[in-house]
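S.K.:
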Amino acid sequence: MKKTLLNITVNDETFELYIKPKKLLVEVLRDELGLTGTKRGCNTGACGACTVLLNGVTVKSCSVLAVQAEGAEVTTVEHLADGAKLSALQLSFLDQGAYQCGFCTSGMLMSATALLNEEPKPTREDIKEGIHGNICRCTGYNSIIRAIEAVAEGKYREKR
Amino acid sequence: MIRDFNYLRASTVKEALDLLEQHKDDYKIICGGQSLLILMRQGLVAPEYLIDIKNIKGLNTINFDRKNGLRIGATTTHRAVEKSPLIKKHYSVLLDMEENLASIQTRNWGTVGGNLAHGDPAGDPGPVFIALNAAVKMANKERERTLPLEEFFIDYFETALEEGELLLEVQMPIPPPKTATVYEKFNIIKNELGIVSVAASITLDENGLSCKDARVVLGAAAPTPKRAKKAEQMLVGQTLDEKLLDKVSEKASQEADPIADIHATEAYRRSMVKALAGKMVKKAWEQAKTSA
Amino acid sequence: MKKKYTVIDTPVHNIDGIAKVTGRAKYTFDVTLPNMLHGKILRSPHPHAKILNIDTSKAEALNGVKAVVTGKDTLGVKQGIWRRYKELCDEEILARSKVRYIGEPVAAVAAVDEDTAEEALDLIEVEYELLQGVFEPLEAIKEGAPQLHEHAERNINVTRHIEWGDVEKGFKKADYVREDWFRCSSQAHVCMETHGAVASFIPEGKLTVWTSTQSHYYIQVLLAGVLDLKENDIRVISRYTGGGFGSKFELDSAQFCSSLLSMKLCKPVKIILTREEEFMATKRRTPMFYYVRAGVKKDGTFLAKEARVFTEGGAYTAMGATALYLTGFFQTFPYVWPSYRYDGYRVYTNTAPTSAMRGFGAPQATFTAETQIDLIADELGIDPIEIRRKNGMYPGYEVPGQAYIQSCGLSQCLDKIEDWVKSRGKLPPNRGIGIAAYGFMSGGIFNWFDTPYAFSSALVQVNIDGKVDLYIGSQDMGQGSNTTMAMICAEELGVHVEDIRLHMGDTDKCPVDLGAWGSRETLMQGNAVKRAAAEAKRQIMEFAVAKMAPNIVYDLDIKDRWVHLIARPERGLSYYDVVKEAIRGKDGQPIIARGHYTPHRKGMISPAYSFGVQAVEAEVEPETGKITLKHCATAHDCGQVINPLGVKGQLEGAIAMAAGYGFTEDLPMDEGKILNPNLVDYKLLRATEMPETEVVEVETYEPEGPFGAKEAGEGLTNPTAGALSNAVYHATGVSIKDLPITPEKVLEALREKNEKKEK
Ligand SMILES: Cc1cc2nc3c(=O)[nH]c(=O)nc-3n(C[C@H](O)[C@H](O)[C@H](O)COP(=O)(O)OP(=O)(O)OC[C@H]3O[C@@H](n4cnc5c(N)ncnc54)[C@H](O)[C@@H]3O)c2cc1C
Ligand code: FES
Ligand code: FES
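For the record, the sequence lines run as chains A, B and C. If you count by my numbering, then the first sequence holds residues 45 to 204, one letter each, in order. If you count by my numbering, then the second sequence holds residues 203 to 494, one letter each, in order. If you count by my numbering, then the third sequence holds residues 925 to 1683, one letter each, in order.
(1) Let me see if you follow: with CB-CB separation under 8 Å, is A/C94 close to chain C or not?
(2) Between the C-alpha atoms of C/R1455 and C/V1384, what's the straight-line distance to the nearest angstrom?
(3) So is C/C1190 buried or exposed if we call it buried at 16+ other beta carbons inside 10 Å?
(4) Can we count C/P1192 as close to ligand 5, meaning its CB is less than 7 Å from some heavy atom?
(5) From what residue to what residue does the alpha helix (DSSP H) around A/D126 run?
(6) Tell me the rounded alpha-carbon separation between B/P460 and C/P1277.
(7) Should B/Y385 be labelled buried (16 or more other beta-carbon atoms within 10 Å of its own) or exposed?
(8) In angstroms, rounded to a whole number, what distance separates the CA positions of B/A282 and B/T308?
(9) So for C/D1104, helix, strand or coil by DSSP?
(10) Would you list the one or two residues that DSSP bridges to B/P350?
(11) Pull up the distance between the alpha-carbon of B/V372 and that of B/H225, whole angstroms please.
(12) How far does the alpha helix (DSSP H) with C/G1563 in it reach, from first residue to last?
(13) Taking only the alpha-carbon atoms, compute the straight-line gap between C/M925 and C/V1565 and give it to the nearest angstrom.
(14) Between the alpha carbons of A/R204 and A/Q134, how many angstroms are there, rounded?
(15) How about the region 118-131 of chain A and the region 1228-1239 of chain C: do they share at least three Cβ pairs that are nearer than 8 Å?
(16) If you check the beta carbons only, do C/G1402 and C/R1282 fall under 8 Å apart?
(17) Does the beta carbon of B/I274 sit closer than 8 Å to a beta carbon anywhere in chain C?
(18) Could you have a look at B/F331 and say whether DSSP puts it in helix, strand or coil?
(19) From the beta carbon of A/K83, is the nearest beta carbon of chain B less than 8 Å away?
(20) Give the DSSP-derived three-state secondary structure of A/D75 in the structure shown.
(21) Residues bridged to C/W1134 by DSSP?
(22) Can you tell me which of B/A466, B/D463 and B/T441 puts its alpha carbon nearest to the alpha carbon of B/N409?
(23) Say whether chain B places a C-beta atom closer than 8 Å to the C-beta of A/H123.
(24) If I measure Cβ to Cβ from C/R1348 and keep anything under 8 Å in the same chain, skipping five residues before and after, which residues do I get?
(25) Can you pull the chain C neighbours of B/K414, defined as C-beta to C-beta under 7 Å?
(26) Exposed or buried, which one is A/S187 when buried takes at least 16 other CB atoms within 10 Å?
(27) Is there at least one non-hydrogen atom of ligand 3 closer than 7 Å to the beta-carbon of C/F1284?
(28) Quick check on the burial criterion: 16 or more other C-beta atoms within 10 angstroms. Buried or exposed for C/K1066?
(29) Bridge partners of B/S412, per DSSP?
(30) From C/D1157 to C/L1131, what distance separates their C-alpha atoms?
(31) Determine the extent of the beta strand (DSSP E) in which C/V1619 is found, giving its start and end residues.
(32) How big is the Cα-Cα spacing for C/Y1240 and C/S1405?
(33) Could you spell out the range, first to last residue, of the beta strand (DSSP E) harbouring C/E1087?
(34) At what residue ranges does the region 297-330 of chain B contain a whole run of the alpha helix (DSSP H), taking only runs of 4 or more?
(35) Count the other CB atoms within 10 Å of the CB of C/K1194; is the residue buried (16 or more) or exposed (fewer)?
(36) Using C-beta distances below 6 Å, list every residue in its chain close to B/L446, excluding the 5 sequence neighbours before and after it, in chain order.
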């Protein structure tokens, strides 16, 4: 089977890759680009560990063919911090202990980032629904909800 | 493991239809891939050619006008439906439905056309669209045709789509005056596929007293989304009272043809149809009273 | 009196936090080595069959396949984690002659990529002779049932008897006796990172294995046993582990098969289990059939209890022997039962082996006991809190022949939860609050692994710049023990957490610790760390004394990097300066200190016990039986809290997992085949299902623990199912004794209740 050319922008860098069309976005990010911050918990679209932003909205990168991201802009967890300067959500996750094993954390942060981009003042229900697609087996979610709330309340504005 | 395939990207409907014709017998259409990729991974689907329609121009639009009603292009994402001001204004039941459908990630990439074409009896759009009296437009290289949505679903994961045919859009007429449509699914974990679901659409007479027309559509309670037609008939010409609701619920649960699986027994699914049908009819009825 | 601490008892960021929120943390799943191959495992589709022949030739011929191994390529060692008892070591991992459950490994392939390896699996031809299977313990124990293992007649794997007091007399004296049968379901751990390993063998004879584990030491030893290598020719590395919950301290198929393949090829081989394999073929919570009979006085005083348990063992022993013991022990917890008799039978079945999972038999015990206690209280017209208070354990209580309770905050916990329940006022219809009291161990005492080492060891090195290298053997799979250990070390040495450089997850560098299971780390590794730090501090003090000339050395202390006179804290020296001089004075050698801990003379089970009470408020929809969790308030006595952020996190996480056990999670099977091996059909709570969680802290001082600390991890999983079942009972009047409490069961019970009422 023929490999296909994929033009893709990941974390503001553009790439030209030759890939098998069956490659999933998560595979290209991790295996081709070495961006292992994006995890895989199920490979069936159910857990959200592989969540990335595709043209600004969240998708499960295990459920998107990489070729379908032709010409698109992808943002992964590696791009949330600006050098050593963490994003408000990252700081808030630290303060609230909103992670334990950390395996769901990248996906959680991406969902939370998209949520706040879309709705800077979400209700608690909005937040719960915003991370509904992300399973966390460790934290019981409430610390994550608190972390997102704290950012929405503006607690990290000046720290950034 | 996903088997290798040749990937073909269509950018117009015509191009897509040509490709479908050209690779008849050995292609599969991919739109958002949210359902398809799972099947491909399990090896249940292994096409030689994968034809990508996601970027076809003009197929992801939502249109509304007072004459023709609502038209949702097949490649419109769930999220676009959810975020559409037009839909919020004129078909708010679709907003309710979308907000409870899967996770945001899936809604961002999965499409309305893909959902219908997948033919899952537990899918949410099917019952709601049928309650809204929807039709679907399909085309192959030769012709276009339109079918009432209730005739589109044939069996578990089987639809009226033929080889070489592409689903183009879903059409919904303007609801008659004094009409309201509501939908609810029963599940344990929010936004997951329903154990059963019920959509109800009630049209009242101009005085808002008796029922002029009714649709009660069951999801996940039969091989396809299914209208409980006998229950519907029991409503027509009647005024609302609890006894009637009980009878309608009972009838709807008899009309259901559910399976038993790990999530529920057949009997429980029937009980849930019963619990939901009356509730939905009542809710729609009450909303219809106050609607224009 | 409560001491003032500078480090502990203050919320501290997890020391791995930044790596985790930036995606930099490298898990086994992320390890890639040059020339690495990818492996896949062929698994039995049959629950019980003889392997007649395996033909791997076609698979080997496939382009890209580098090696195929089967049971024939192994030494055929029957391994197990209960190493002290040979007959409990019964699992080969790669079956040679017989498979006993669906998913049992029969062959493994290494190839250039995952897809090729998977393709090769389809080309391996296995000839099976199907045998009749048996799937339920109550069937498997019958005379004439198909037998899984030659050595186990009637499939009885382990039995356990616990007894104290005069049970018969107790029942005779009782005013009220009730007996109930319960069924406790299985549960999957669902670590977000599936099991996996990257093994790299080099011709010099050394094997390095990166793996997702709760105990690198156990994996090292167990691998050595099956590969006939010296323990220390194997290096196990595990820096980050994406969840464990009890599933990752036994040797698994990824570790074993990747090692075998790598040894054959002298190339690195990576095997990561798929989510489906994870469900079908890794271990899971032990299902139990539980009979409980209890006799009490009219006033609610507990007199006698009898419990009989049949556990579904699955095909192998695994950690099941421990679960069988602990469920029997914790059946009486946290109460004083003057007499008790327990008989437990672990029965082999042709299902995936059952083993350790967070709570380790205690959630089952707590669910059954607490559900029954509410039924008793209701029958006798006694308040649920009152009956618990009346019979609760207290400091100094000795569980006859089993355990000695030093610290015990149960009564404080009951008071706090009583207040909380009152604060909820009158509940709306269809709502109920259920409570459950519980306790748990802080690490096990019994040396079933038969290790010659101390249970926990730590090494501290203080360098010229005052930075402290802390080497620990414990494993952090998310529970935060790295941070806890750094805090304990910093507190004891009088420095800050930032001064500690933690080294863990590497058998080449770290001293032995038995791993993160049984809620043992805080107490056991914590004691070892505290002792090592204390010894380092003593060495520093030798030099401080010379400088400061206190009356005796004990007048000195270090806090906040300040070496000072306790009585006159302003008089002191910088920690950094003292360290510099100390090292100079030591001939230029950094300060090195070791500490270790092995519990002894502390009864049969554990050196210390946590206690707690939880209240769950739930709503039940009468038309559907659907349960919605509203609130969950918990008072937990974990001794001295080390990291408040960590304790809260453990608690909330436990609620999600334990509530799932209570009403959504299950592993239904058909003839040994798990029917929902994916995250769509296996129902985990999501953010939308979480109740509001309230934590009420109850602090006690546990003399055996570091700074008075004890467990706050697994024990928190114990109460929720029982509290939930009691909430449902108080909301609806029906008690469901069969987990999980699905809407369907509730609705059916409501229907039966109404039918009875109509009659
Ligand atoms: C975790 C998860 C949870 C979900 N939960 C829900 C839920 O609660 N409710 C619900 O309703 N759905 C649910 N879904 C299904 C989801 O809505 C559908 O997967 C999605 O809408 C399908 O759209 P798609 O564009 O991704 O289709 P694809 O996966 O690309 O295609 C699906 C099928 O339709 C065919 N097809 C697609 N477009 C066309 C077309 N225009 N013409 C002809 N054939 C076409 C494809 O060939 C394929 O057979 C869930 C899915 C996942 C993964
Ligand atoms: S790995 Fe993509 S959703 Fe689970
Ligand atoms: S932190 Fe472990 S899964 Fe979320």
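Where a beta carbon is used, it is the ideal one built from N, C-alpha and C, also for glycine.
M.R.: To lay it out plainly:
(1) Reading the first sequence from its first residue, position 50 is the one you call residue 94 of chain A. Not an interface residue.
(2) Locating residue 1455 of chain C in the third sequence gives position 531, where the first residue counts as 1. Locating residue 1384 of chain C in the third sequence gives position 460, where the first residue counts as 1. Looking at the two C-alpha atoms, the distance is approximately 10 Å.
(3) Here the question's residue 1190 of chain C lines up with position 266 in the third sequence. By the 10 Å Cβ count, C/C1190 comes out exposed.
(4) As far as ligands go, the structure on display features ligand 1, ligand 2 and ligand 3 and does not contain ligand 5.
(5) Position 82 of the first sequence, counting from 1, holds the residue named residue 126 of chain A. Segment: none, A/D126 is in no alpha helix (DSSP H) and carries neither H nor E.
(6) As a first step, residue 460 of chain B is located in the second sequence; it is residue number 258 there, counting from the start. As a first step, residue 1277 of chain C is located in the third sequence; it is residue number 353 there, counting from the start. A straight line joining the alpha-carbon of B/P460 with that of C/P1277 spans about 34 Å.
(7) Counting from 1 along the second sequence, the entry for residue 385 of chain B is found at position 183. It is buried - the Cβ of B/Y385 has at least 16 other Cβ atoms within 10 Å.
(8) Along the second sequence, read from residue 1 onward, the residue named residue 282 of chain B stands at position 80. Along the second sequence, read from residue 1 onward, the residue named residue 308 of chain B stands at position 106. B/A282 and B/T308 have their C-alpha atoms some 12 Å from each other.
(9) What you label residue 1104 of chain C is simply residue 180 of the third sequence in a count that begins at 1. The answer is strand: DSSP assigns C/D1104 an E or B state.
(10) Locating residue 350 of chain B in the second sequence gives position 148, where the first residue counts as 1. Paired residues: B/A337.
(11) Locating residue 372 of chain B in the second sequence gives position 170, where the first residue counts as 1. Locating residue 225 of chain B in the second sequence gives position 23, where the first residue counts as 1. Their Cα atoms are separated by approximately 25 Å.
(12) Counting from one through the third sequence, the residue named residue 1563 of chain C turns up at place 639. Run containing C/G1563: none; DSSP gives neither H nor E here.
(13) Indexing the third sequence from 1 puts residue 925 of chain C at position 1. Indexing the third sequence from 1 puts residue 1565 of chain C at position 641. Caution applies to C/M925, whose pLDDT of 41 falls short of 50 and renders its modelled position unreliable; the value that the coordinates give is listed next. Within the model, the alpha-carbon separation for C/M925 versus C/V1565 is close to 15 Å.
(14) Locating residue 204 of chain A in the first sequence gives position 160, where the first residue counts as 1. Locating residue 134 of chain A in the first sequence gives position 90, where the first residue counts as 1. Summary for A/R204: the model assigns pLDDT 46, below 50, so the residue's position carries little reliability, and this model does not support an answer.
(15) Result no; under three Cβ-Cβ pairs closer than 8 Å.
(16) Counting from one through the third sequence, the residue named residue 1402 of chain C turns up at place 478. Counting from one through the third sequence, the residue named residue 1282 of chain C turns up at place 358. No. Outside cutoff.
(17) One-based indexing of the second sequence puts residue 274 of chain B at position 72. No, no contact with chain C.
(18) Translated into the one-based positions of the second sequence, residue 331 of chain B becomes position 129. Secondary structure of B/F331 (DSSP, three-state): helix.
(19) Along the first sequence, read from residue 1 onward, the residue named residue 83 of chain A stands at position 39. Not one chain B Cβ lies under 8 Å of A/K83.
(20) What you label residue 75 of chain A is simply residue 31 of the first sequence in a count that begins at 1. For A/D75, the three-state secondary structure derived from DSSP is helix.
(21) Counted from its first residue, the third sequence places residue 1134 of chain C at position 210. Under DSSP, C/W1134 forms a beta bridge with C/V1122 and C/I1161.
(22) Start at 1 with the first residue of the second sequence, and residue 409 of chain B comes out as number 207. Among B/A466, B/D463 and B/T441, the Cα nearest to that of B/N409 belongs to B/T441.
(23) The residue you call residue 123 of chain A lines up with position 79 of the first sequence. No, A/H123 does not count as interfacial toward chain B.
(24) Residue mapping note: residue 1348 of chain C aligns to position 424 of the third sequence, counting from 1. Counting only Cβ-Cβ distances below 8 Å, and skipping sequence neighbours, we find I1357, E1541 and H1555.
(25) Here residue 414 of chain B corresponds to residue number 212 of the second sequence, with the count starting at 1. Under the 7 Å cutoff, chain C gives no residues; its nearest Cβ is about 28 Å from B/K414.
(26) The sequence position of residue 187 of chain A within the first sequence is 143, counting from 1. Within a 10 Å sphere around the beta-carbon of A/S187 sit 16 or more other beta-carbons, which makes this residue buried.
(27) In the third sequence, counting from the first residue as 1, residue 1284 of chain C sits at position 360. No.
(28) By 1-based counting over the third sequence, the position of residue 1066 of chain C is 142. Burial check for C/K1066: the Cβ neighbour count within 10 Å stays below 16, so the residue is exposed.
(29) Sequence index remark: in the second sequence, residue 412 of chain B carries index 210 (1-based). In the DSSP assignment, B/S412 is bridged to B/T441.
(30) Start at 1 with the first residue of the third sequence, and residue 1157 of chain C comes out as number 233. Start at 1 with the first residue of the third sequence, and residue 1131 of chain C comes out as number 207. The straight-line gap from Cα to Cα measures roughly 6 Å.
(31) As a position in the third sequence, residue 1619 of chain C is number 695, starting the count at 1. Per DSSP, C/V1619 belongs to the beta strand (DSSP E) from E1616 to V1622.
(32) Position 316 of the third sequence, counted from the first residue, corresponds to residue 1240 of chain C. Position 481 of the third sequence, counted from the first residue, corresponds to residue 1405 of chain C. Rounded to whole angstroms, C/Y1240 to C/S1405 spans 30 Å at the Cα level.
(33) Counting from 1 along the third sequence, the entry for residue 1087 of chain C is found at position 163. Residue range I1080 to W1088 is occupied by the beta strand (DSSP E) that includes C/E1087.
(34) Runs of the alpha helix (DSSP H) inside the region 297-330 of chain B: 306-311 and 314-320.
(35) Mapped onto the third sequence, residue 1194 of chain C falls at position 270. Classification for C/K1194: buried.
(36) One-based indexing of the second sequence puts residue 446 of chain B at position 244. Leaving aside the five residues that flank B/L446 on each side, the residues in its chain whose CB is nearer than 6 Å to its CB run, in chain order, Q440.
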